[in-house]
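Let me begin by presenting the structure, written as C-alpha cells, before commenting on it.
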Amino acid sequence: MGGSRGGLAGQLGGMLRAQPRASLGLPMLLLGTYFFYCLTGSCEPLPPAAPERPEEQAAAGGRAGPGSRRFPQAIIVGVKKGGTRALLEFLRAHPAVRALGAEPHFFDRGYEKGLRWYRNLMPRTLEGQITMEKTPSYFVTKEAPKRIYNMSRDTKLIVVVRNPVTRAISDYTQTLSKNPTIPSFQALAFKNISTGLIDSTWSAVRIGIYAKHLDNWLQYFPLSKFLFVSGERLVSDPAGEMGRVQDFLGLKRVVTDKHFYFNETKGFPCLKKPEGSSRPRCLGKSKGRPHPKIHGQVIQRLQEFYRPFNMKFYQMTGQDFGWD
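Throughout, the working numbering is defined as the position within the sequence shown, counted from one, plus 588.
Set out below in C-alpha cells:
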C-alpha cells in the first residue's frame, strides 16, 4: 500500500475535480480515509528492506546480488578496547551472520544522514541470516539508545566488557601509538597526583564506568535485550563465550572450539584456516600491543576508584566478572 499513496492522492484529486458537487460523497469519504491514515503516523514508515534503486546499485558497483539490505537485528555497541573486533571476526565465521566490517558510527556521528543511508551500508542477507554491525562508541554515547530504539525496539545489543583498569591502559596504549608526545598515563589519569584524585572526565577512565552508561541504556531497552560478553573469557575460552553469543542470537552453535587456536606471539586466540582460504584469520598487528609499564600504586588507586562502579555493574547485569 505504501508505494501507491502518492497515486491515490492524485486520483482522488482528479475525482474531486471531475465530479458534480452533488456526487462528491464517495470521493470525500476516500479522501478523509487517506488523510486519517497519514495522521496516524503511518505515512512515513521506516524504509523497508528492499533491493536498491538503480542509482544505489551504481554506487555499489552496479552489482545487485542476491538478498536484501536490512537494518541490523543485533549490534555490538561496546566497549572500546574490550574485544569487540575479535568478537565480530569470530561471528563472521558463522554462515548465518552477515556483518559490516567497518564501524559505521551512524548512531553517534552520522545520524543526520538518515536511516535509508544506514540501511544501504549493510551487507545483503538471505532469509534466515542475521545482519550485524559493531561500533563500540555507541555504549558511551548518550543519544545512541534512543536512536537505536527508534529504529527497532527489538534490536539485540551486545556489550563486550573488560577489567576497566586494563581497558584504560589499553586505550592509552592505542593513543600513544598514534601520538607518542602525549603526557604519561599517570598524568592523564589523575586530577591531582598527590591526593590521588582520579580524573573521571578523561575518556580512557570514563568509558570504564560501565554501570553509569548501562543505566542510560536501560531507560530504553530491558536487560533481556543485552548480552554482556567477558573480554577476558573471550581470550581464555573463546568457544565458551561464542556459545553464549550464538545462543543469544538464536543461532545454531556452529563456531566451536575446533575453530580456534591460541597465538602465543599475540597472546590471544585466532580463527583456524577456514575452507577456501589460504591462511588463518588473526587480528592485525594493532591488536596485542605491549602495554607501557604503569606504577603499581597507580593501578591500585584505579582499582579502588572502579570498585564501587564494578559492584553496581555486577548487580545490574547479574554477572560477576571477577575484576576485584
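Don't be surprised by glycine CBs; every beta carbon is placed ideally from N, CA and C.
If you're wondering where the values come from, they're calculated on a predicted model, not measured in any experiment.
| request: Output yes or no for whether 8 Å exceeds the beta carbon distance between Gly819 and Gly670. | output: Annotated as proximal: Gly819 and Gly670, with beta-carbon spacing under 8 Å.
| Does the distance from the C-beta atom of Ala674 to that of Ile746 stay below 8 Å? | Contact flag unset, no.
| Going by the beta-carbon positions, is the gap between Thr723 and Pro711 smaller than 8 Å? | no
| Phe848 versus Lys779 - alpha carbon distance | 43 Å
| said: Comparing C-alpha positions only, which one of Ile736, Val749, Ser791 and Ile757 sits nearest to Pro878? | reply: Sorting Ile736, Val749, Ser791 and Ile757 by C-alpha distance to the C-alpha of Pro878 places Ile757 at the top.
| query | Thr719 by DSSP, collapsed to three states: which one? | reply | strand
| task | Identify the continuous alpha helix (DSSP H) that holds Arg895 and give its terminal residues. | result | That run of the alpha helix (DSSP H) goes Gly884 to Thr905.
| request: Would you identify the three-state DSSP class for Arg707, choosing helix, strand or coil? | output: helix
| request: Below 8 Å on the Cβ atoms is my guess for Phe678 versus Leu802; work out the distance and round it to an integer in Å. | output: About 23 Å separates the two Cβ atoms, so there is no contact after all.
| request: Return the chain-ordered ranges of every beta strand (DSSP E) run that is complete within the segment 769-846 and spans a minimum of 3 residues. | output: 778-780 and 814-818
| message | For Leu822 and Ala681, what's the separation of their Cα atoms in angstroms? | response | Leu822 and Ala681 have their C-alpha atoms spaced approximately 15 Å apart.
| message | I'd like the list of long-range same chain contacts for Arg895, defined as Cβ closer than 7 Å, with 5 residues on each side in sequence excluded. | response | Asp912
| field | Top-ranked residue by Cα proximity to Arg658, from Leu688, Leu676, Gly666 and Val667 | value | Of the candidates Leu688, Leu676, Gly666 and Val667, the one whose C-alpha sits nearest the C-alpha of Arg658 is Leu688.
| message | Quick check on the burial criterion: 16 or more other C-beta atoms within 10 angstroms. Buried or exposed for Thr628? | response | Here Thr628 scores only 38 on pLDDT, less than 50, and its place in the model should not be relied on; the value that follows carries that caveat. With fewer than 16 Cβ atoms within 10 Å of its Cβ, Thr628 is classed as exposed.
| request: Grab me the residues of Leu785's own chain with a C-beta within less than 8 Å of its C-beta, minus the 5 sequence neighbours each way, in chain order. | output: Phe778 and Lys779
| task | On a CA-only basis, which of Leu859, Asn804, Leu890 and Thr672 is nearest Ser788? Give me that one, please. | result | Leu890
| request: Take Asp825 as the anchor and find which of Gly796, Lys813, Gly855 and Trp790 has the nearest alpha-carbon. | output: Gly855
| query | How is the beta strand (DSSP E) around Asn851 delimited, first residue to last? | reply | Its beta strand (DSSP E) spans residues Phe848 to Asn851.
| message | Quick check: what's the CA-CA separation for Thr905 versus Pro752? | response | Each residue's Cα considered, the two are about 16 Å apart.
| Coarse secondary structure for Leu679, derived from DSSP in three states | helix
| field | Continuous beta strand (DSSP E) stretch holding Leu764: start and end | value | Not the beta strand (DSSP E): Leu764 falls in the alpha helix (DSSP H), residues Pro752 to Lys766.
| said: Using the three-state DSSP reduction, which class does Val747 fall into: helix, strand or coil? | reply: strand
| query | Thr729 by DSSP, collapsed to three states: which one? | reply | coil
| query | When DSSP builds the beta bridges, which residues end up paired with Cys858? | reply | Tyr849
| Member of Ser725, Glu731, Thr783 and Cys870 whose CA lies at the smallest distance from the CA of Arg794 | Ser725
| said: Please classify Ala732 as buried or exposed, where buried requires at least 16 neighbouring CB atoms within 10 angstroms. | reply: buried
| query | By Cβ distance, which residues of its chain are closer than 6 Å to Pro683, with the 5 residues on each side in sequence left out? | reply | Contacts found: none.
| Do you know offhand how far Pro639's Cα is from Phe773's? | Residue placement at Pro639 is flagged as unreliable, the pLDDT there being 47, under the threshold of 50; the coordinate-derived value follows with that caveat. The straight-line gap from Cα to Cα measures roughly 49 Å.
| message | Quick check: the Cα distance between Leu811 and Thr754, rounded to an integer number of angstroms? | response | 26 Å
| task | Report yes if the C-beta distance between Gln717 and Arg686 is below 8 Å; otherwise report no. | result | Against a cut-off of 8 Å, the Cβ pair of Arg686 and Gln717 comes out as a contact.
| message | Going by DSSP, what residue range makes up the beta strand (DSSP E) through Arg686? | response | Val685 to Ala687
| request: Specify the secondary structure class of Met589 as computed by DSSP and reduced to three states. | output: Note that Met589 has pLDDT 45, beneath the 50 cutoff, so the model's placement of it is unreliable and no number is given.
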